[in-house]
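K.L.:
Heads up: the sequence lines are chains A and B, in that order. Its first residue numbered 5, the first sequence is counted upward by one per residue in our numbering. Its first residue numbered 38, the second sequence is counted upward by one per residue in our numbering. Would you mind keeping the following structure in view while I ask a few things?
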Amino acid sequence: MSSERRYTPTHEWIEPASSPGAMKVGITDFAQKEITDVVFVELPKIGKKVEKGGEVAIIESVKAAFSIYAPLGGEVVAVNDKIESDPGLVNEDPYGKGWLFELKVADPTLLTELPDEGAYQKLLLSGGGGH
Amino acid sequence: MSKAMTENGNAGEGIKRPPMEPTLWEKSRPGARGVLPPGVDPDTVTGRIPKELLRGAPPPLPELSELEVVRHFTRLSHLSRGVDTHFYPLGSCTMKYNPKVMDRIPEIPGFRDLHPRTDEEGMQGLLEALSLCEESLGALLGMEAVTLAPAAGAHGELAGILIARQYFDAKGDRERTEILIPDSAHGTNPASAAMGGFTVRVVASGSDGGVDLSALEKALSPRTAMVMMTVPNTLGLFEKNISTMVEKVHQSGALLYMDGANFNAFMGVLRPGDLGFDIVHINTHKTLATPHGGGGPGSGPVGVRKTLEPFLPSPRIRKEGGRFRLESPATSIGPLRSFLGSTLVLLRALGYMKMLGGEGLRQVAVHALLNANYLRALLDGVLPRTGEGLCAHEFVLSARDLASRGLHASDLAKEILDAGYYAPTISFPLIVPEALMIEPTETESKETLDKFARDFRTIVEKAMNAPDSVKKAPRLTPVARPDEVGAARDPVLTDPGSL
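Here it is as structure tokens:
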């Protein structure tokens, strides 16, 4: 469990990536279980600018298609193209090999305003959040 | 057909699974043929075709007699489930029974044999019929102008969105780039809005399943071009605050779009125009006795207010004196589809409207509402349901409590197949976990609904008491549980037998 990782009520996670200023985004373990087996991921183009809460990617399972929203505003600087050919990685390793994209976040100080692990778990217990 | 997908023979519990019908490739016998055209010498035919365009070898097609082909497709039709053989409560899709007499309409030679390039003078009858269809739909929708051009419901949405874009363009208002859509909407709504060049903003539902009024107010801005609402919504609920919502949307200067896919629930009872909507589309196959997908082309007529009429797709049918002519106004969004739309489908819709008349059409909606509420009441307490009070033409149950037995809504659906029904819609709408969406439609009898309710209750009891048995369903279909994930991740799109 990463202490720097933060979450959204729409079940994305975000944490600082290795390259300076970039943050990695994926979906939570809860989300991958809810979505069930991922069969297709539509990733954003590198360079795409997104606002906080804007749709960035689409994940499809046999159940339905789900929109993935940007936890913070910024620009897409990298995408995990491995999940395009192996979408099951999102289920197998949602916080690791199943990451979706990296954002160069406009204002990195906003990260700590998002729910941390404890707050996100509380949200799940209260039945809150949603896609 | 891979081995993983079929479980030939024993389906467990002493039940023998019906065999799968082999494919035509598997049944092929070299040299067999269906027809022998008389007096045709193949050489005289191929002799007229340039050599470089001829095949080196005959195409690899299956070879069978006519009778073998007839039996193949008849057997397949017996393995399939349709509304002609089974109760089909597939929510959102409105799988009601279409009167067989409607099949006669596209067979009327004057319409059937009309060439699409016939001049206006030669198709006055068709133009009159289509004009009457526009008028009848306009009367039912409370809209001043109707286009019949869109080829399906989602195409109707796209038409409505392009009309809205043209409208704001004509006003010189380029700031309105967003379309607001509730999270319970049909998935086609955001797709159409994006195709029309708009940014989609999703509006959350309140805990009662309706649009959250304060969330809508917050989302409205000078950037909002349009709000798309489904009435009744996909939970089968009428929005309680609809008049306030209409007011708020219009105050913000945006247009209000109604996804009228659920026309069956309000036809002759309420008119979108009277509610204050600016644009509405309907899907003829869900309400007006035209075929569902695969049974023929679709049609998604769109009705608009007078102020939006100049932007409707071209050509428009104009009546002058007793004659009809086609016109393409410069203000139009342009043609959306070849010729005049799915004309034979539209004639069926016209026939259905004229056959039932105003009161008859109202009775369709009233009985759709009655049947849904009756079935919902019968199923009270079986599974948790969404929404208080009455429902509209369909209702949503949640199988989330079955998680404790390791079961999902899809497991119930499989068991429902064994009980002799088509399964309800599952996993939609997305805002309800483990959703089962049930829509009986007006064409089912009380006896059918009573029996379905009894069987459904038994199935849920079985799921609670013997979940392992439910996991083995269905037993009475030749294919039990296809590998949906494998099929989506690694699709095999050609029959291996054909290669």
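We treat Cβ as the ideally placed atom computed from N, Cα and C, and that holds for glycine. Small disclaimer: the values here were computed from a predicted structure and weren't measured.
Using the Cα positions of Phe105 of chain A and Pro20 of chain A, report the straight-line distance between them to the nearest angstrom.
P.N.:
12 Å
K.L.:
Would you kindly work out how many angstroms separate the C-alpha atoms of Phe489 of chain B and Phe124 of chain B, rounded to a whole number?
P.N.:
8 Å
K.L.:
Using beta carbons (cut-off 8 Å, strictly below), is Glu284 of chain B in contact with chain D?
P.N.:
The structure shown contains no chain D; the protein chains it does contain are A and B.
K.L.:
Apart from the five residues on each side of it in sequence, which residues of its chain come closer than 8 Å, Cβ to Cβ, to Ile218 of chain B?
P.N.:
Asn226, Pro227, Ala230, Val237, Arg238, Val239, Val240, Val264 and Met265
K.L.:
Using only the alpha-carbon positions, how far apart do Thr423 of chain B and Leu272 of chain B sit?
P.N.:
7 Å
K.L.:
Can you tell me where the alpha helix (DSSP H) holding Thr281 of chain B begins and where it ends?
P.N.:
Ile279 to Gln288
K.L.:
When you check each C-beta in the region 87 to 106 of chain A against every C-beta of chain B, which residues fall closer than 8 Å?
P.N.:
Pro91 and Gly92
K.L.:
Is it buried or exposed for Ser65 of chain A, if we count other Cβ within 10 angstroms and need 16 for buried?
P.N.:
buried
K.L.:
Strictly by DSSP, which residues pair up with Ser242 of chain B?
P.N.:
Residue pairing for Ser242 of chain B: DSSP places it in a beta bridge opposite B:Val248.
K.L.:
What residues from chain B crowd round Lys67 of chain A, counting only those whose CB sits closer than 8 Å?
P.N.:
Ser464
K.L.:
Which residues, in chain order, does the region 30 to 43 of chain A contribute to contact with chain B at a C-beta distance below 7 Å?
P.N.:
Asp41 and Val43
K.L.:
State yes or no: is the beta carbon of Glu521 of chain B nearer than 8 Å to at least one beta carbon in chain A?
P.N.:
yes
K.L.:
Could you check the C-alpha separation between Asp455 of chain B and Pro511 of chain B for me, to the nearest Å?
P.N.:
5 Å
K.L.:
Report the option in B:Pro95, B:Pro74 and B:Ala182 whose CA atom is closest to the CA atom of Ile354 of chain B.
P.N.:
Cα-wise, what sits closest to Ile354 of chain B is B:Ala182.
K.L.:
If we ignore side chains and look at the alpha-carbon of each, how far apart do Val283 of chain B and Phe314 of chain B end up?
P.N.:
Val283 of chain B and Phe314 of chain B have their C-alpha atoms some 7 Å from each other.
K.L.:
Assign Asp448 of chain B to one of two classes, buried (16 or more other C-beta atoms within 10 Å of its C-beta) or exposed (fewer than that).
P.N.:
buried
K.L.:
If the criterion is Cβ atoms closer than 8 Å, does the pair Lys64 of chain B and Leu101 of chain B meet it?
P.N.:
yes
K.L.:
Can you give me the Cβ contacts of His30 of chain B inside the same chain, cut-off strictly under 7 Å, excluding the 5 residues immediately before and after it?
P.N.:
Nothing can be reported for residue 30 of chain B: it is not among the residues displayed for chain B, which extend from 38 to 536.
K.L.:
Since His115 of chain B is in the alpha helix (DSSP H), which residue starts that stretch and which ends it?
P.N.:
Glu103 to Leu116
K.L.:
Less than 8 Å separating the beta-carbons of Ile63 of chain A and Val81 of chain A?
P.N.:
No, they are not a contact pair.
K.L.:
What separation, rounded to the nearest whole angstrom, lies between the Cα atoms of Ala207 of chain B and Ser71 of chain A?
P.N.:
Their Cα atoms are separated by approximately 33 Å.
K.L.:
Hey, out of A:Thr40, A:Leu76 and A:Lys56, whose CA is closest to Pro98 of chain A's CA?
P.N.:
With distances taken between Cα atoms, Pro98 of chain A lies closest to A:Thr40.
K.L.:
Would you please state the rounded distance, in angstroms, between the beta carbons of Leu406 of chain B and Ile200 of chain B? I believe it to be under 8 Å.
P.N.:
That pair is no contact at about 30 Å.
K.L.:
Determine, for Arg437 of chain B, whether the minimum Cβ-Cβ distance to residues of chain A falls below 8 Å.
P.N.:
At a cut-off of 8 Å between beta carbons, Arg437 of chain B makes no contact with chain A.
K.L.:
Could I get the ranges of all uninterrupted alpha helix (DSSP H) runs contained in the region 442 to 471 of chain B, with 4 residues as the minimum, in chain order?
P.N.:
446 to 455
K.L.:
Take Leu427 of chain B and list the residues in its own chain whose beta-carbon comes closer than 7 Å to its own, dropping the five residues that flank it on each side.
P.N.:
Asn410
K.L.:
Taking C-alpha atoms, which residue in B:Phe493, B:Phe465 and B:Lys483 lies nearest to Glu452 of chain B?
P.N.:
B:Phe493
K.L.:
In this structure, does DSSP put Met132 of chain B in helix, strand or coil?
P.N.:
coil
K.L.:
How many angstroms separate the CA atom of Val43 of chain A from the CA atom of Gly523 of chain B?
P.N.:
8 Å
K.L.:
Anyone know if the C-beta pair for Leu412 of chain B and Val401 of chain B falls short of 8 Å?
P.N.:
no
K.L.:
The alpha helix (DSSP H) with Tyr404 of chain B in it runs from where to where?
P.N.:
Here residue 404 of chain B is His; the residue named in the question, Tyr, does not match the sequence. First-last of the alpha helix (DSSP H) with His404 of chain B: Thr380 to Leu415.
K.L.:
Mind listing which residues of the region 464 to 478 of chain B have their C-beta closer than 9 Å to chain A's C-betas, in chain order?
P.N.:
Ser464, Phe465, Leu467, Ile468 and Pro470
K.L.:
Taking the alpha carbon of Thr12 of chain A as the point to measure from, which residue in A:Tyr73, A:Lys101, A:Gly100 and A:Met27 has its own alpha carbon closest?
P.N.:
The shortest C-alpha to C-alpha distance from Thr12 of chain A to any of A:Tyr73, A:Lys101, A:Gly100 and A:Met27 is the one to A:Tyr73.
K.L.:
Starting from Ala3 of chain A, follow the beta strand (DSSP E) in both directions and report where the run begins and ends.
P.N.:
For chain A, the structure presents residues 5 to 135; residue 3 of chain A sits outside this window and is missing.
K.L.:
Do three or more CB pairs link the region 187 to 200 of chain B to the region 240 to 249 of chain B at distances below 8 Å?
P.N.:
no
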